[in-house]
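Quick note: the sequence shown uses the numbering used here, first residue 127, plus one each step. Even for Gly, the Cβ is constructed at its ideal location relative to N, Cα and C.
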Amino acid sequence: MAPLFGECTFAFVPSSLLTPTQISSFTQILEKHGGTVLEPADDGSIRIEEDVTHIISNTIDFRQFTDSQAYMIPVVTHQWISSSLHRGKQAQVRPHSPDPRMIFSQVTLSCADLPVIDKETIIGATLALGGMESPDVSRLTTHICALTMDHPKCQMALQKKLKVKIVLPHWFEDCFKLGKRIDETPYLLPDPEILLADPSDDIGFPETKNLEGATDANPSPESFPPVKGHVEPSIIFQGKAVMISSDLNITKKAHAICRSRITQGGGQMVAQVEDCDMYICQYRDGPDYIKAAQLGKDVGNLAWLMHLISRNEWTSPLRRLLHYPVPRGGIDGFQDLRICVSNYGGESRIYLENLIKACGATYTKTMKTENTHLITARDSSEKYEAAKDWGIETINHLWIEESYAKCEKQPVTVGKYAHFPPRTNLGEIIGQTFFDEAQLRDKFYPGGAAVRKSSPRAAKKRKILDAAQDNAYKSGPAEGAVIGRQEHRDFDVLQDEADEYADKTRKQFGVSAPPGDEPFATPARHMPVRGKENETPTARSTGGRSAKSKALSNLQRIAPDIALYEKEKNRKSKDGMWGGKRAADMLDRDQAARTSSPAQADDEVADKRAAKRRRSSKPDGVIKVMLTGFSRWLNDKHKEDVEKRKLRELGIHIVSENQSCDYLAAPFMVRTVKFLRTLAKGVTILSSDFIETALTDGTAPDPKDHILVDEENEAKFGVSLQTAVSRARANNGNLLRGLPIYCTSGIRNGPESFQPIVQANGAQFLTYNARSGTTIKPTTAEEDGGAAPDPVYLLTSDTAEEKKLWPKFEAMAERGHMEPRIVAADWLLDVAMTQRVSFDEKYLAVNFFKH
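This is the structure in structure tokens:
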């Protein structure tokens with residue numbers, strides 16, 4: 127019998143939602159069941175073209191998400207692994223997508239007393255938007271859709287105390303109409319607010335995390351919150367070149383703050399668009415903006431830059447509307463509008479005020495008869511009633527968000543813009559609208575073929591963007607989302623003609639794919655249509671067909687997708703459910719074929735040379751190097767000063783431990799604080815021969831010729847140095863994120879020797895002396911939701927005083943429902959060196975110090 131994950135090749139994306147510690151555990155599980163887990167590439171990225179069958183990520187905020195859409199590689203959360211293990215077969219990928227546009231991801235639905243057509247429509251649309259259907263109620267069921275509590279399914283859920291939400295069908299209806307998932311609470315049986323409460327009663331302003339760092343398109347860098355305590359600098363810019371446009375119009379002090387944060391994080395500032403990876407500007411115009419966008423650079427504004435710095439995690443500037451440069455003069459059709467806001471509070475109100483101004487309209491705090499529009503989160507307020515009396519258009523925030531995202535004013539007659547679910551404040555779904563890159567390109571940077579012709583990298587980026595857009599849903603709630611599919615060796619999503627692809631789809635799945643307009647189009651996806659969007663919402667009812675009079679036509683529209691979906695789900699293949707060789711590497715083969723022309727070959731060589739220069743050169747001609755284990759200047763301060771001056775003349779600056787650097791130079795792999803702390807940042811490690819050669823020859827050698835090779839210590843530590851560096855770049859300084867690490871105050875060499883290593887890898891460091899202030903809060907297993915206890919570490923040596931602390935630490939950890947691990951410091955040093963969280967009982971103090 128084939129292993130569960132045989133034929134599967136996985137890549138993980140570390141993030142705050144999926145820590146390297148968790149990745150280490152899941153890697154062991156996948157490999158135990160026959161799966162292959164790829165190490166990161168040299169730059170820390172996913173080896174996306176090496177037959178990756180699944181990307182495990184709990185977020186879509188990673189640099190290669192668009193690539194995964196182009197190659198149609200399934201991106202699933204870690205729960206896909208658990209679900210597969212539970213079922214004994216590979217789970218469907220759609221219900222485990224981290225894409226927020228799949229609004230019913232993680233929903234397992236069981237329907238109770240509903241009319242047949244209502245039931246089929248709700249199930250079909252839920253499946254299409256990432257949910258699953260369960261005929262029977264089980265512990266995996268998350269929602270029961272019912273009209274009353276009398277149905278046996280509802281009674282069984284109550285008797286067995288299942289963690290399931292029993293909701294009215296109105297909840298699904300409102301989610302379908304809005305294209306967003308709203309809170310279920312007002313729809314919960316047995317006492318649903320939408321039927322019992324007065325619709326005009328007050329509702330508190332909801333909290334939302336979607337607007338974090340994205341309420342103002344032009345914030346001041348001087349408003350960065352002050353750093354409290356020790357915080358390692360953000361390394362999101364490691365190896366990246368950033369260009370800041372002059373149109374930001376910020377002060378010299380603000381510019382200096384940005385430069386400092388970027389360079390401290392391992393990045394560099396450049397002055398030419400061709401040399402940058404990220405281009406920061408305020409407006410969507412000017413030759414530099416257009417060129418950067420056409421070359422496929424990451425183009426964002428100051429708010430996006432500050433967001434990256436503060437979170438130290440990647441997010442696309444197209445993910446949040448006010449992270450992208452604003453249109454100078456606004457969006458056509460908004461200039462004469464006067465817009466007021468009601469029922470939005472806090473950051474939501476600030477965000478809407480700035481979005482209204484970015485569109486080119488006038489924002490007014492108070493509403494008068496001169497106002498043209500009222501944006502409201504509910505259909506209940508004094509402003510709302512006045513707007514109705516004065517004939518002012520009343521819509522929710524989706525109207526202005528989608529107008530801004532699509533770069534044109536949307537008609538207010540679209541149904542979802544005037545839909546206000548009772549007992550729901552729509553502020554809870556604000557900030558969930560993405561930009562449409564195709565609309566941006568058509569409006570602000572069309573063409574660009576000549577620019578891309580000189581840059582194969584830019585040409586490939588354009589192809590990937592186009593393929594991702596062709597693979598995506600074209601309309602509906604999941605517009606822009608892509609669900610990866612099973613791969614077959616004769617499929618090439620970037621090369622097949624539409625008719626060929628439709629024919630192959632018919633042969634493989636028994637369902638024809640509609641032919642597309644582009645040569646690499648994949649089967650078109652049609653989302654369920656929820657009736658005419660400009661109709662007035664029907665009155666609510668708890669019986670009959672509720673508001674689903676158009677259910678049959680809806681079901682007919684989504685039937686082909688459901689049929690295809692079921693075919694994919696049930697299909698058995700010798701290559702494994704989601705296995706098979708990836709064909710989409712044709713991008714590279716196409717490029718290789720095109721270079722058969724001498725002129726094109728010269729273009730590619732020139733581009734590669736330019737890229738090589740950009741990677742190896744600094745804007746000011748300086749290479750910053752940190753040294754560790756370097757004995758040349760030992761006990762000879764005069765020689766050190768003389769030779770450091772000589773190195774500076776060669777453009778090589780030796781920096782101290784607390785400064786950012788481009789390279790770390792060492793004679794071999796050493797477990798010093800400098801080495802391990804700098805390794806955590808993903809800095810390239812050179813042999814100290816680099817310095818010796820520079821001093822001997824009187825010229826700066828090429829760093830690539832002096833990459834440290836240390837086979838003896840690689841065997842000793844069980845990891846190649848390049849692999850450790852690649853892992854560090856993927857971990858982004860967060861190897862130990864979420865782990866509390868305590869250290870005895872009397873540990874050999876002192877806590878200060880280990881604190882920088884712990885903090886450089888993202889963990890919280892605490893000194894333990896069995897006194898108040900360093901205790902773990904007492905917690906029960908029930909309060910932890912029944913989860914297994916997390917580990918907590920105590921670094922220690924074997925002195926008598928330290929041994930007295932061990933039982934006290936164990937008792938404290940157990941009271942906090944945590945697993946105590948009292949370990950020798952070697953555990954930390956080895957984990958930091960390999961850049962992978964692992965544990966072996968040999969590190970336990972009782973074993974390590976036994977002899």
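Start and end of the alpha helix (DSSP H) containing residue i?
i, result
"H296", "295-304"
"C384", "378-390"
"T147", "146-158"
"C271", "Run containing C271: none in the alpha helix (DSSP H); it sits in the beta strand (DSSP E), 269-271."
Check this for me: beta carbons of residue i and residue j, under 8 Å apart or not?
i, j, result
"N427", "H449", "yes"
"N1019", "I465", "Here the chain has residues from 127 to 977 only, and residue 1019 is not among them."
"I181", "I199", "yes"
"N887", "P140", "no"
"C384", "P451", "no"
"C280", "P295", "no"
"E91", "S846", "Residue 91 lies beyond the range of the chain shown here (127 to 977); nothing can be said about it."
"H277", "A238", "yes"
"A424", "M404", "What sits at residue 424 in the sequence shown is Asp, not Ala. Yes, the Cβ-Cβ distance between D424 and M404 is below 8 Å."
"R173", "A137", "yes"
"P224", "N184", "yes"
"S852", "D168", "yes"
"P332", "A380", "no"
"M275", "V263", "no"
"P548", "I320", "yes"
Please list the terminal residues of the continuous beta strand (DSSP E) segment that includes residue i.
i, result
"D327", "Per DSSP, D327 belongs to no beta strand (DSSP E) and is neither H nor E."
"K424", "Note on identity: in this sequence residue 424 is Asp, with Lys being the wrong assignment. Taken as a continuous stretch (DSSP letters only), the beta strand (DSSP E) holding D424 covers 424-426."
"R464", "464-468"
"V368", "367-370"
"V104", "Past the edges of the chain, shown from 127 to 977, lies residue 104, and the structure says nothing about it."
"M752", "749-753"
"L892", "890-894"
"L500", "499-502"
"I320", "No beta strand (DSSP E) holds I320; the alpha helix (DSSP H) holding it covers 319-322."
"H779", "778-780"
"I308", "That residue, I308, is in no beta strand (DSSP E); it is neither H nor E in DSSP."
"I181", "180-182"
"Y868", "866-870"
Per DSSP, what kind of secondary structure is residue i in: helix, strand or coil?
i, result
"A916", "Here residue 916 is Asp; the residue named in the question, Ala, does not match the sequence. Strand, per DSSP."
"I969", "Per the sequence presented here, residue 969 reads as Tyr, with Ile not at that position. Looking at Y969 - three-state DSSP - the assignment turns out to be helix."
"P933", "helix"
"V796", "coil"
"S1032", "Because the chain is modelled from 127 through 977, residue 1032 falls outside the range shown and cannot be assessed."
"L713", "Caution applies to L713, whose pLDDT of 34 falls short of 50 and renders its modelled position unreliable; the value that the coordinates give is listed next. The answer is helix: DSSP assigns L713 an H, G or I state."
"Q961", "coil"
"Q394", "strand"
"Y405", "strand"
"V201", "strand"
"K291", "strand"
"F136", "strand"
"A575", "helix"
"S879", "helix"
"Y489", "strand"
"H832", "helix"
"A128", "coil"
"T922", "strand"
"S141", "strand"
Exercise for the section: Write down every uninterrupted run of the beta strand (DSSP E) in the region 226-266 whose length is 3 residues or greater and which is fully enclosed by it, in chain order. Expected result: 234-237
Practice task
Give a yes or no on contact between the region 780-793 and the region 803-812, applying the rule of three or more CB pairs nearer than 8 Å.
Solution key: yes
Practice task
Could I get the ranges of all uninterrupted beta strand (DSSP E) runs contained in the region 508-546, with 3 residues as the minimum, in chain order?
Solution key: 519-521
Practice task
Assess, as a yes-or-no matter, whether the region 301-309 is touched by the region 389-406 under the definition of 3 or more beta carbon pairs within less than 8 Å.
Solution key: no
Handout entry: Stretch pair the region 935-943 + the region 966-977: three plus CB contacts closer than 8 Å
Key = no
Exercise for the section: Would you check if the region 467-476 and the region 493-508 touch, i.e. whether three or more CB-CB distances between them fall below 8 Å? Expected result: Enough Cβ pairs lie closer than 8 Å, so yes.
Problem - Stretch pair the region 202-220 + the region 237-248: three plus CB contacts closer than 8 Å - result: At 8 Å Cβ cutoff, the stretches do not touch.
Practice task
Please determine if the region 872-884 and the region 916-926 are in contact, where contact requires at least 3 C-beta pairs separated by less than 8 Å.
Solution key: yes
Exercise for the section: Report yes or no: do three or more beta-carbon pairs, one from the region 509-527 and one from the region 543-552, lie closer than 8 Å? Expected result: yes
Problem - Three or more C-beta pairs below 8 Å linking the region 143-160 and the region 852-869 - result: yes
Exercise for the section: Assess, as a yes-or-no matter, whether the region 565-572 is touched by the region 529-538 under the definition of 3 or more beta carbon pairs within less than 8 Å. Expected result: Result yes; three or more Cβ-Cβ pairs closer than 8 Å.
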